[in-house]
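Undergrad:
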Amino acid sequence: MKKFLITLCALLAFTTAAFCASPKVQKIIDDTVKATQAELPLSVDDYTILWGFSGNDDTVTYHYAVTVTSEDIDGDAFKEAMIPQLVQVLKSSKDPTIKSLMKNKVTFEHKYYGVDGVVIADLLIGPDLY
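Position 24, counted from 1, in the sequence shown is what our numbering calls 1379; the numbers after and before it change by one each time, with no gaps.
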């Protein structure tokens, strides 16, 4: 019975710690979403507009529109070219919010849509990459 109680206490402590950390991360995400949405739409370059930003407890999602149709771009080649660039942007970021999200192992999702509204690429940058 004593072993059972010790195991139960350890499990409860672990579970409580896991659930207590989540609201903190969610608050960081919620605050980031609110601040970012106030700046949208945002021109990224001559071909790309950041038009949406959302998040949940372990992922923030950037939504981009590009000035071509989904048929005009090879999604796999686009993904292969973009992921290293996006990882480098994260790694070199001085932004305290980005650093906090990375510290809390948040996944950064980048969804690119063609002018036809079809997803060209859905890029996931998880903690294993940054």
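Heads up, the beta-carbon is just placed ideally off N, CA and C, and yes, glycines get one too.
1) Short of 8 Å in beta carbon distance, which residues of its chain neighbour Y1417, apart from the five on each side in sequence? Order them along the chain.
2) What does a CB cutoff of less than 8 Å around V1399 pick up in its chain, not counting 5 residues either side in sequence?
3) I need the straight-line Cα distance from A1376 to D1427, nearest angstrom please.
4) Entirely within the segment 1401–1481 and at least 3 residues each: give me those beta strand (DSSP E) ranges in chain order.
5) Closest Cβ-Cβ distance between T1424 and chain C: below 8 Å?
6) Buried or exposed: which applies to L1397, given that a residue is buried once 16 or more other Cβ atoms fall within 10 Å of its Cβ?
7) Could you check the C-alpha separation between I1453 and I1438 for me, to the nearest Å?
8) For the alpha helix (DSSP H) containing A1390, name the first residue and the last one.
9) Got a sec? Which residues, its chain only, sit under 8 Å from D1413 by beta carbon, not counting five neighbours each side?
10) Go ahead and label T1424 buried or exposed: buried means 16 or more other beta carbons lie within 10 angstroms of its beta carbon, across all protein chains shown.
11) Alpha carbon to alpha carbon, how far is A1432 from K1382? Give it in angstroms, no decimals.
TA: If we stick to the structure as given:
1) L1405, G1407, F1408, F1463, E1464, H1465 and K1466
2) L1405 and Y1419
3) In this prediction, A1376 has a pLDDT of 42, which is less than 50 and means its spatial position is unreliable; what the coordinates show is noted afterwards. Using only the alpha carbons, I get a separation of about 43 Å.
4) 1403–1410, 1414–1421, 1462–1468 and 1474–1480
5) Chain labels in this structure do not include chain C; a single protein chain is all it has.
6) exposed
7) 17 Å
8) K1357 to Q1392
9) V1380, K1460, V1461 and T1462
10) exposed
11) 35 Å
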